[in-house]
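Colleague: Using the UniProt record's numbering, read the first sequence as starting at 1 and increasing by one per residue.
Sending over a structure as structure tokens; questions will come in a sec.
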Amino acid sequence: MLISINRKSVVSLSRRVFFSTLSSMQDSDLEEKGDLEQFSGVIHDKDLLRKASNGNLLVLDLIDRGAMEPDARFYMELFKKCTDQGRLKEGQMVHSHFVNSRFQHYVVLQNTVLNMYAKCGDMKMARKVFDGMTERDMVSYTMLISGYSQSNEFREALGLYVEMLRTGFQPNEFTFGSALKSAGGLQSDALGSGIHGACLKCGYEENVYVGSALVDMYTRCKKMAMAKMIFDELKSKNEVSWNALVAAYGRDGEGHNAVKLFSDMKRGGFEPTHFTYSSIFAACANSGALEQGKWVHADMVKSGLKLIAFVGNTLLDMYGKAGSIEDAKKVFYRLVKKDIVSWNSMLTAYAQHGLGQEAVDLFEEMRRVGFQPNEITFLCVLNASSHAGLLDKGLYYFELMRKYELEPDITHYVTIVDLLGRVGQLDRAQRFIREMTIQPTAAIWTALLAACRMHKNMELGAYAAERVFELDPHDSGPHMLLCNIYASAGRLRDAARVRRMMNESGVKKEPACSWVEIENAIHVFVANDDTHPQSEEIRKMWEKLRDEIKKIGYVPDTSHVLWFLDQQEREERLQYHSEKLALAFALLNTPPGTPITIKKNIRVCGDCHTAFKFVSKLVSREIILRDTNRFHHFRGGSCSCRDYW
DNA sequence: GTAGGGTTAG
């Protein structure tokens, strides 16, 4: 609370009262700073003011109107306060006074200014201050290097690091930490090991910051063995060192290793932090290790850590990716404080599950409560509209972006092409591409190509494919799409030509695989897989299922498979697609009535989609299938995507 | 006065 004082009462204030009044002021009272004018008449004692204000930004007003002149220590406190609170504007104001003060040549103060700009993300100004310094020390270099590395300007950081060495300054543990982060950011093993060598030479290998930075750097350079070795030999470890390694498993989608490390960490007496949990959930999300993720979630609840956005967002994403939309929703609504990523993640989860209407409703709720959407928000909601076939909504939201002063980028355009294509408005999609204000990319034409495959438009498909091949000749996806378009139109010669083209230019098709998690183990299947210990049983199971579903109406759709085989061979191949094997395996190894979740690394084929619908009816089980695009929930003979995918 | 670890989309 700012105590309201008028000039008359100020004059009669004792030094003591003045001191305590100013000390009790909060920066949040800044809007009421008009009242400060009342002080200006009585401030003569700068030291008293400095002490009383304790770096309080309220006094900026006094400085600005020349009512007081800070001393060196006061400048320092003000700059630090602006740095800590990220108050760039106030910092600039103090800076402009500082350059006219008699302290302007103090290196330590100039460093503090430099650091303030760097930490507030204004690297241009930080650089300008640095360049303008007549005298620099090692800290000046280190502050600028760390600023660059924290702004992801890794090349600048390392350039400066080299310059620093050339100039003859000795880096310290602070410098090494930032330099290693930059080398990791550039994924440059060569630069990283060079810096590593320098750390050893200077005797910093036992510093816990340097150690963690080394571990992190090597993981980012894909040198996991080296990272682990350094980690194991670290003399001093803390939770950050552990987190660096856990996070690496998160990035690589190695859920099981991450969880194992998590257990080791706890056994070693280290408390997991928000960073740890966040990384674990990301690891489980990316590897589909839902059961383990749930276990760690329970552990976090026990630990008493609050469900803040920082970690809740990752957890939400994990449940979404694992197919459990209900759990994702629970996390979302229990978050202590939602940030933009929370909203976007929830929208993504809805979109992935084909719950377009829910996504649209959530987006409207977001606007209602006054949360500012960003580009990603629109991408999520456009995607959701597209997957649910909500044409008008999608087009409306695309236009709405500009009202929020957001410029659609190429990814938004792709979604609109996809949206128009899915509902079969191919001509309109083509017109939309022609009228785009930005240059169409391979992704744009691939979206149109996929729509042509869906709606069996060979001519436009061939045209779109040509455009894709011009822009990106090495992607196998578009080749396969075109090949399939020709094959299902009976143009086998053309299909063969595309195949040949792929072979000649060395385009490889990613092998399809499906996997299913049962009791903490992940079982992976590829088509015609007979390597699994239960393969005989699995085949028999599927053949039994196939015969049963044929009785209730299943007709194998062979238009999706290799055109060069005869009908019977095609049907044969089709029957042992990886997702069918995974399904048979899951039915053999899970209790009746429980839902089954299967993941696939490419899009589900049309025949498997149909077969899964029949199986869900036959065995009265819910089957959840995640492909690269989205989730399919099969229940009672139909799919949540309403065959829209 | 200076340092290291996390999340949404594609």
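No residue lacks a Cβ here, since even glycine has one placed at the ideal position from N, Cα and C.
1. Quick check: the Cα distance between residue 682 and Phe-432, rounded to an integer number of angstroms?
2. In this structure, how does DSSP classify Leu-449 when only helix, strand and coil are distinguished?
3. Look at Asp-418 and Ala-447 and say whether their C-beta atoms are less than 8 Å apart.
4. Taking Ser-514 as part of the beta strand (DSSP E), name the residues at either end of that continuous run.
5. Who are the near neighbours of Ile-624 in its chain, counting only those whose CB is closer than 8 Å to its CB and skipping five residues on each side?
6. Taking Cβ positions, are Val-210 and Phe-176 nearer each other than 8 Å?
7. So is Thr-558 buried or exposed if we call it buried at 16+ other beta carbons inside 10 Å?
8. Starting from the N-terminal side, write out each stretch of the alpha helix (DSSP H) that is 4 residues or longer and does not extend beyond the region 570-594.
9. Near Lys-337, which residues of its chain fall below 8 Å by C-beta distance, leaving aside the five closest residues on each side in sequence?
10. With 16 other CB atoms within 10 Å as the buried threshold, where does Asp-627 fall?
11. Give me the residue from Glu-466, Met-541 and Glu-571 with the minimum Cα distance to Ala-582.
12. Taking the straight line between their C-alpha atoms, what separation do you get for Asp-238 and Phe-270?
13. Curious, which full-length alpha helix (DSSP H) runs of at least 4 residues does the region 349-410 contain?
14. Could you give the distance in angstroms between the alpha-carbon of Gly-553 and the alpha-carbon of Phe-614?
15. To which residues does DSSP link Ser-638 through a beta bridge?
16. Counting only runs of 4+ residues fully inside the region 197-244, write out the alpha helix (DSSP H) ranges in chain order.
17. Along the chain, where does the beta strand (DSSP E) that runs through Leu-625 open and close?
18. May I ask you to verify whether the region 422-430 touches the region 396-413, counting CB pairs closer than 8 Å and requiring at least 3?
19. Run through DSSP, which three-state label would Lys-306 get?
20. Counting pairs of Cβ atoms below 8 Å between the region 255-264 and the region 215-225, do you hit three or more?
21. Determine which residues share a DSSP beta bridge with His-523 and list them.
22. What's the C-alpha gap between Cys-284 and His-532?
23. In terms of alpha-carbon separation, which member of Phe-98, Asp-84, Tyr-218 and Phe-378 lies closest to Lys-119?
24. Quick one: what does DSSP say Thr-142 is sitting in, helix, strand or coil?
25. Can you tell me the Cα-Cα spacing of Asn-56 and Val-423, whole angstroms?
26. Helix, strand or coil, according to DSSP, for residue 702 in the structure here?
27. Helix, strand or coil, according to DSSP, for Pro-478 in the structure here?
28. Using only alpha-carbon positions, find the residue among Tyr-218, Glu-466, Arg-136 and His-387 that is nearest to Leu-186.
29. For the alpha helix (DSSP H) holding Asp-494, just list the boundary residues, first then last.
30. Within the same chain, show all residues whose beta-carbon is closer than 7 Å to that of Met-116, passing over the 5 residues directly before and after it, in chain order.
31. At which residues does the alpha helix (DSSP H) containing His-97 begin and terminate?
32. Taking the alpha-carbon positions, what's the Glu-32 to Gly-86 distance?
33. Around the Cβ of Val-311, are there at least 16 other Cβ atoms within 10 angstroms (buried) or fewer (exposed)?
34. Check Lys-337 in the structure and name its three-state DSSP category.
35. Residue 654: buried (16+ other C-beta within 10 angstroms of its C-beta) or exposed?
36. Checking 8 Å against the spacing of the C-beta atoms, do Ile-538 and Leu-588 come in under that value?
Modeller: Let's see:
1. Outside the shown range of the chain, which is 1 to 645, sits residue 682, and nothing can be said about it.
2. helix
3. yes
4. 513-518
5. Gly-323, Pro-595, Ile-596, Thr-597, Ile-598, Phe-631, His-632, His-633 and Phe-634
6. yes
7. buried
8. 578-589
9. Ile-308 and Ala-309
10. buried
11. Met-541
12. Here residue 238 turns out to be Asn, not Asp, going by the sequence shown. Rounded to whole angstroms, Asn-238 to Phe-270 spans 7 Å at the Cα level.
13. 356-368, 375-387 and 391-403
14. 8 Å
15. Arg-635
16. 208-220 and 224-233
17. 623-626
18. no
19. coil
20. no
21. Val-516
22. 24 Å
23. Asp-84
24. helix
25. 60 Å
26. What is shown of the chain runs 1 to 645, which leaves residue 702 out entirely.
27. helix
28. Tyr-218
29. 492-504
30. Phe-79, Cys-82, Thr-83 and Gly-91
31. 88-98
32. Its pLDDT being 47, under 50, Glu-32 is placed unreliably in this model, and the value from its coordinates should be taken loosely. Glu-32 and Gly-86: Cα-Cα distance of roughly 21 Å.
33. buried
34. coil
35. No answer is possible for residue 654: the residues shown for the chain start at 1 and end at 645.
36. yes
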